[in-house]
């Protein structure tokens with residue numbers, strides 16, 4: 060029979076091992092959270108629209124240190140086009156810009172996207188800040204400012220829109236070699252021409268583009284576009300294909316949807332050749 064001292068020693072060893080295990084587990088959890096935080100920041104793309112080169116580079120260098128993927132606008136006459144190419148998660152926008160001011164470009168971006176826009180400006184009046192919000196801005200920071208304040212605002216926006224406080228989010232713009240798709244508006248655009256599609260037409264072009272140069276069977280398309288294909292007239296798909304071809308022709312894209320007899324449909328890139 061074990062003595063009282065042996066029992067006490069065994070209890071001590073068990074408690075020591077338990078505490079060591081709990082400490083180890085807490086360290087692992089903290090490291091995991093730190094790792095997630097690090098990589099979650101590194102996923103985000105920021106577009107800087109600022110014509111003050113010194114300030115622009117300071118902001119860019121600071122954001123890069125925090126693992127953000129940073130793009131800079133160079134063509135101030137085509138900011139909307141540069142926004143589409145960059146596909147950012149956040150825009151930092153000055154008000155006083157060449158050609159058109161930041162309010163104008165904010166409205167232009169808002170016409171195709173709900174990506175958060177933060178104004179950075181030396182204009183400090185209440186009216187300027189009101190106009191920024193009314194034109195589609197999400198936040199406003201007055202120059203000069205500390206980088207810590209800028210980062211706090213950026214992280215707050217990211218948490219609200221994409222992080223723990225966010226609702227479900229889908230990317231606003233899809234692009235295939237110059238052909239742009241705007242899911243929120245069911246709009247496609249090529250060569251500065253755009254056309255609005257029906258929901259079925261938009262879903263159809265999305266599926267075909269996702270399978271570019273590959274045949275998609277009629278059965279696959281029917282299953283993707285209609286809940287119960289058994290109750291859909293086979294001619295319905297042909298009608299939607301014909302309408303989509305017409306919409307593409309309206310923006311200058313011809314013969315991109317090919318019929319593969321007995322197999323289905325194939326979308327090939329006939330634009331931007």
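Residue numbers (my numbering): 60 to 332. Yeah, the Cβ is synthetic: ideal placement off N, Cα and C, and Gly gets one too. Predicted model only: the values in this text are computed from it and were never measured.
- In the DSSP assignment, residue 216 falls within the alpha helix (DSSP H) that extends over 206-220.
- Note that the region 142-157 touches the region 173-181; at least 3 beta-carbon pairs, one per stretch, sit closer than 8 Å.
- Only residues of its own chain outside the window of five on either side were considered, and among them none has a CB closer than 8 Å to the CB of residue 186.
- Taken through DSSP and simplified to helix, strand or coil, residue 297 comes out as helix.
- Between residue 303 and residue 247, the CB-CB gap reaches or exceeds 7 Å.
- Within the model, the alpha-carbon separation for residue 196 versus residue 249 is close to 27 Å.
- The C-beta distance from residue 330 to residue 181 rounds to 43 Å, too long to fall under 8 Å, and the pair is not in contact.
- Taking 8 Å as the upper bound for CB-CB distance, residue 172 and residue 216 are not in contact here, some 14 Å apart.
- By the criterion of at least three beta-carbon pairs nearer than 8 Å, the region 104-113 is in contact with the region 132-147.
- Of the candidates 300, 255 and 271, 255 places its Cα closest to the Cα of residue 310.
- If you look at residue 123, you'll find it isn't in any beta strand (DSSP E); it sits in the alpha helix (DSSP H) that goes 112-124.
- Closest in C-alpha terms to residue 298, from the list 313, 280 and 115, comes 280.
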